[in-house]
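Undergrad: Okay, handing you the structure first.
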Amino acid sequence: MSGNCVRPKNCQNDPQNTCGRNEQPVEPGRCVKACSIPTCRNPNPDPNQPCTGNCYSGCLCKDGYVRDDMSGNCVRPKNCENDPQNNCGSNEQPVEPDRCVKVCSIPTCSNPNPDPNQPCTGNCYSGCLCKDGYVRDDTSGNCVRPKNCPNGMREARLLQSQPNSCKNKSQ
Numbered sequence: 001m002s003g004n005c006v007r008p009k010n011c012q013n014d015p016q017n018t019c020g021r022n023e024q025p026v027e028p029g030r031c032v033k034a035c036s037i038p039t040c041r042n043p044n045p046d047p048n049q050p051c052t053g054n055c056y057s058g059c060l061c062k063d064g065y066v067r068d069d070m071s072g073n074c075v076r077p078k079n080c081e082n083d084p085q086n087n088c089g090s091n092e093q094p095v096e097p098d099r100c101v102k103v104c105s106i107p108t109c110s111n112p113n114p115d116p117n118q119p120c121t122g123n124c125y126s127g128c129l130c131k132d133g134y135v136r137d138d139t140s141g142n143c144v145r146p147k148n149c150p151n152g153m154r155e156a157r158l159l160q161s162q163p164n165s166c167k168n169k170s171q
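Take a look at the structure:
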């Protein structure tokens, strides 16, 4: 500290002087909670969502920008490094932010109609899901129409759906 008098805008700890590209300081007296800050993972946080914790002070992204969860920089949503929309394959779509999808509830060739009442354990799945009308091919990992699943899996599913179709006729 030099002890010299300076204008407030010239203070070294003035957020206006320390904000990065595409950032702006939190307005004085405004309380911003961390869960209300737009990020790549949650670009449109619910303003009515109850937030706990201390007020966030520092720099926020300017309008039209979100905080990239990976780099910490403010970027346009389409430029997010971890934006699943940019990484999803053919016939896939990203898991919506704040939606919890359990692995056992994901339709696959070997289980195209998972029981929604089946208890699932484990962490939430994030990434890409197959679009409606498609299932995950257990072998290739691609999203395919159920009719395009490998033959062995399709035959196994038919047997599962008709367990009594092969009765012993000698009885």
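Read the sequence shown against the UniProt record's numbering and you will find it ends at 171, with the numbers running on by one and no gaps.
Glycine included, C-beta positions come from ideal geometry on N, C-alpha and C.
From a predicted model like this one, the values you see are computed outputs, not experimental measurements.
1. Kindly list the residues whose CB is nearer than 6 Å to the CB of residue 137, restricted to its own chain and excluding five residues on each side of it in sequence; keep chain order.
2. How is the beta strand (DSSP E) around residue 130 delimited, first residue to last?
3. What is the DSSP secondary structure of residue 26, counted as helix, strand or coil?
4. Go ahead and label residue 67 buried or exposed: buried means 16 or more other beta carbons lie within 10 angstroms of its beta carbon, across all protein chains shown.
5. Using the Cβ count rule (16 or more neighbours within 10 Å means buried), how would you classify residue 103?
6. With a threshold of 16 other CB atoms inside 10 Å of the CB of residue 100, please say whether the residue is buried or exposed.
7. Taking the alpha-carbon positions, what's the residue 65 to residue 53 distance?
8. Distance check for residue 142 and residue 90, CA to CA, integer angstroms please.
9. Are residue 35 and residue 24 closer than 8 Å when you measure CB to CB?
10. In the DSSP output, which residue or residues are listed as bridge partners for residue 135?
11. Which residue comes first and which comes last in the beta strand (DSSP E) that contains residue 61?
TA: Judging by the given coordinates:
1. The count along the sequence shown starts at 1 and reaches residue 137 at position 137. Counting only Cβ-Cβ distances below 6 Å, and skipping sequence neighbours, we find 109 and 144.
2. Working through the sequence shown from its first residue, we reach residue 130 at position 130. It spans 128-130 - the beta strand (DSSP E) in which residue 130 sits, taken as one unbroken run.
3. In the sequence shown, the residue the question calls residue 26 occupies position 26. Three-state DSSP puts residue 26 in coil, outside helix and strand.
4. Reading the sequence shown from its first residue, position 67 is the one you call residue 67. Buried.
5. Residue 103 sits at position 103 when you count from the first residue of the sequence shown. With fewer than 16 other Cβ atoms from the protein chains shown falling within 10 Å of its own Cβ, residue 103 counts as exposed.
6. Taking the first residue of the sequence shown as 1, we reach residue 100 at position 100. Classification for residue 100: exposed.
7. As a position in the sequence shown, residue 65 is number 65, starting the count at 1. As a position in the sequence shown, residue 53 is number 53, starting the count at 1. The alpha-carbon atoms of residue 65 and residue 53 are separated by roughly 23 Å.
8. Start at 1 with the first residue of the sequence shown, and residue 90 comes out as number 90. Start at 1 with the first residue of the sequence shown, and residue 142 comes out as number 142. So the two alpha carbons sit approximately 8 Å from each other.
9. Counted from its first residue, the sequence shown places residue 35 at position 35. Counted from its first residue, the sequence shown places residue 24 at position 24. Against a cut-off of 8 Å, the Cβ pair of residue 24 and residue 35 comes out as no contact.
10. The residue you call residue 135 lines up with position 135 of the sequence shown. Paired residue(s): 144.
11. Stepping through the sequence shown from its first residue, residue 61 is reached at position 61. Looking at the DSSP string, the run of the beta strand (DSSP E) that includes residue 61 is 59-61.
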